[in-house]
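Novice: So the mapping is simple: the numbering used here equals the position in the sequence shown, first residue as 1, plus 75.
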Amino acid sequence: MATIKDVAREAGVSATTVSIIINGKAKERAISEATQKKVYETMRKMGYSPSASARRLRSSEPDLSVIAFFWPLDFRTSILSDFLNSMQKELEKIHFDCGLMIQTYKANELEKVDNVLLKGGYNGIIVGGCSEKDLMHLESLNIHTPLILINRESRLYTTVGTDNDAIGRLAAEAFASRNCRELAVFSSASTFVATGKRKEAFLASCSRMGIAAPEKFRFSCQSSIEGGVEIGERFCSLTQKPHFVFCDSDAIALGALYAFYRHKVRVPEDVEILTIGLMNPMLTRYAVPSLSTLRMPNKQIAGAAIDLMQKMILGEETSVRHILKETEVTYRESFPAERK
């Protein structure tokens with residue numbers, strides 16, 4: 076069983092140097108990239124892990140490996156339970172006996188948990204919901220612990236997510252199939268990475284397909300049910316309204332439904348709604364009326380992340396991978412497959 080001293084001896088450096096590199100402090104201590112590369116290659120060759128994760132999984136030691144799941148503290152906590160449930164099911168399915176630790180952080184402030192990222196003693200790290208700023212910060216660190224990003228693009232880290240451009244096109248195609256020529260867009264005022272890319276892809280696809288989304292019919296708010304109520308109220312105050320509405324989150328769509336009900340705007344007779352589905356699908360399935368969605372494949376994303384993380388911890392997967400999961404339109408009452 077290799078130790079940090081064994082790695083140092085084999086690499087021809089001091090144990091202190093190995094420790095500095097492992098803890099991501101090589102740059103500030105002016106340790107050359109060549110030395111860092113040599114140490115990491117030696118660690119892989121000797122099967123050494125700072126947290127002894129691979130040894131634990133291959134032995135009868137009672138200590139469990141621990142995966143840290145980093146998630147932002149904002150409205151997206153409503154999505155967290157869906158991911159956790161899917162991750163736990165995948166752990167049971169592949170018989171991966173490990174602990175799953177939730178580590179929260181504030182958007183654009185991931186740097187404040189550097190100590191946890193670099194020295195938390197985790198065997199693997201999965202990061203969800205990071206902003207562009209957070210992603211740039213992650214890519215500036217030298218994190219040796221296996222790390223997977225959820226629904227983000229990275230040149231350094233393994234990613235599992237969806238093709239946001241494809242989702243935007245799919246949504247536009249659904250409206251085009253109904254001979255839609257004009258629609259309203261209800262969207263989040265916050266610039267979340269994946270949500271923003273899906274919205275831009277949707278608008279670009281609509282433009283190519285001859286579907287107008289005039290500025291006067293574009294509404295933004297906090298991505299929440301309360302925000303959706305606010306948008307719904309503003310929409311209902313219009314003298315002339317488009318028949319079709321696209322929502323970039325199901326939370327907004329649920330709020331809009333409430334406002335429509337209050338103002339006696341009938342769905343789907345007066346207005347038809349198609350939304351991106353982010354939260355637990357039961358919320359949209361049993362809404363009144365039920366909401367048609369492009370359901371984000373959270374279950375598949377979570378399962379693929381856990382399956383891949385196990386391989387990374389065991390050393391069976393060492394290359395950077397980028398896995399995309401597909402979605403499809405689920406037609407329900409708010410946007411029927413065919414107009415009656």
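We put the beta carbon where it would ideally sit given N, CA and C, even for glycine.
From what residue to what residue does the beta strand (DSSP E) around E347 run?
Specialist: For this step, residue 347 is matched to residue 272 along the sequence shown. Note, E347: beta strand (DSSP E), 347-352.
Novice: Rounded to whole angstroms, how far is the Cβ of G204 from the Cβ of W146, which I believe are closer than 8 Å?
Specialist: Translated into the one-based positions of the sequence shown, residue 204 becomes position 129. Translated into the one-based positions of the sequence shown, residue 146 becomes position 71. About 6 Å separates the two Cβ atoms, so the contact holds.
Novice: Which residue comes first and which comes last in the alpha helix (DSSP H) that contains R273?
Specialist: Locating residue 273 in the sequence shown gives position 198, counting from the first residue. Looking at the DSSP string, the run of the alpha helix (DSSP H) that includes R273 is 268-283.
Novice: Going by C-alpha distance, which of I348, V346, S367, E347 is nearest P356?
Specialist: In the sequence shown, residue 356 corresponds to position 281, counting from 1. Nearest of I348, V346, S367, E347 to P356, Cα basis: S367.
Novice: Which ranges would you report for the beta strand (DSSP E) in the region 135-167 if only whole runs of at least 3 residues count?
Specialist: Complete beta strand (DSSP E) runs here, min 3: 140-147.
Novice: Given 8 Å as the limit, is there contact between the region 236-252 and the region 186-194, that is, 3 or more CB pairs closer than that?
Specialist: The region 236-252, when compared against the region 186-194, does not touch it at the 8 Å Cβ threshold.
Novice: Suppose only complete runs of 3+ residues qualify. What are the beta strand (DSSP E) ranges in the region 226-255, listed by chain order?
Specialist: Fully enclosed beta strand (DSSP E) runs of 3 or longer: 233-236.
Novice: Let me confirm a value: P289 is counted as buried when at least 16 other C-beta atoms fall within 10 Å, else exposed. Which label applies?
Specialist: Against the sequence shown, residue 289 aligns to sequence position 214. Exposed, because fewer than 16 other Cβ atoms sit within 10 Å of the Cβ of P289.
Novice: Taking the alpha-carbon positions, what's the I422 to E275 distance?
Specialist: What is shown of the chain runs 76 to 415, which leaves residue 422 out entirely.
Novice: Identify the residues that DSSP records as bridge partners of S263: which are they?
Specialist: Translated into positions along the sequence shown, residue 263 becomes position 188. Bridge partners of S263: C296.
Novice: At a Cβ threshold of 8 Å, is V188 touching chain C?
Specialist: Here chain C cannot be found, since the structure has a single protein chain.
Novice: Look at D149 and M354 and say whether their C-beta atoms are less than 8 Å apart.
Specialist: Indexing the sequence shown from 1 puts residue 149 at position 74. Indexing the sequence shown from 1 puts residue 354 at position 279. For D149 and M354, no; Cβs fall outside 8 Å.
Novice: Do G199 and T220 have their CB atoms nearer than 8 Å?
Specialist: Residue 199 sits at position 124 when you count from the first residue of the sequence shown. Residue 220 sits at position 145 when you count from the first residue of the sequence shown. Their beta carbons are under 8 Å apart, which means G199 touches T220 by this criterion.
Novice: Using DSSP's beta-bridge definition, name the partner residues of I200.
Specialist: Here residue 200 refers to the residue found at position 125 when the sequence shown is read from its first residue. A143, L222.
Novice: On the three-state DSSP scale, how would you describe T78?
Specialist: Along the sequence shown, one-based indexing puts residue 78 at 3. Coil, per DSSP.
Novice: Using CA coordinates, which residue listed in C281, E207, Y232, S263 is at the minimum distance from D240?
Specialist: Here the question's residue 240 lines up with position 165 in the sequence shown. Considering only alpha carbons, the answer is C281.
Novice: Where does A288 sit, in a helix, a strand or coil, going by DSSP?
Specialist: On the sequence shown, position 213 is the one that residue 288 refers to. Correct three-state label for A288: coil.
Novice: Going by C-alpha distance, which of G303, V342, L175 is nearest A326?
Specialist: Working through the sequence shown from its first residue, we reach residue 326 at position 251. Looking at the Cα atoms, G303 is the closest of the given residues.
Novice: Where S324 and S263 are concerned, what is the direct C-alpha to C-alpha distance, given to the nearest angstrom?
Specialist: In the sequence shown, residue 324 corresponds to position 249, counting from 1. In the sequence shown, residue 263 corresponds to position 188, counting from 1. Using only the alpha carbons, I get a separation of about 8 Å.
Novice: Apart from the five residues just before and just after V342, which ones in its own chain have a Cβ nearer than 7 Å to its Cβ?
Specialist: As a position in the sequence shown, residue 342 is number 267, starting the count at 1. The answer, listed in chain order, is L332, F335, I348, P364, S409.
Novice: With a cut-off of 8 Å, do at least 3 Cβ pairs link the region 107-116 to the region 162-179?
Specialist: Output reads no: the region 162-179 does not touch the region 107-116.
Novice: Over what stretch of residues does the alpha helix (DSSP H) that includes Y336 continue unbroken?
Specialist: For this step, residue 336 is matched to residue 261 along the sequence shown. Looking at the DSSP string, the run of the alpha helix (DSSP H) that includes Y336 is 325-337.
Novice: With a threshold of 16 other CB atoms inside 10 Å of the CB of M416, please say whether the residue is buried or exposed.
Specialist: One cannot answer for residue 416 here, as it falls past the ends of the chain, which runs 76 to 415.
Novice: Any idea which residues DSSP pairs Q178 with across the strands?
Specialist: Mapped onto the sequence shown, residue 178 falls at position 103. Paired residue(s): F145.
Novice: Just the Cα atoms here: how many angstroms apart are S135 and E186?
Specialist: On the sequence shown, position 60 is the one that residue 135 refers to. On the sequence shown, position 111 is the one that residue 186 refers to. Unreliable positioning characterises S135 in this predicted model, as indicated by a pLDDT of 43, which lies under 50. A coordinate reading is not provided.
Novice: Relative to the C-alpha of P372, which residue among E401, E228, H318 is closest?
Specialist: Working through the sequence shown from its first residue, we reach residue 372 at position 297. When only C-alpha atoms are compared, the closest one is E401.
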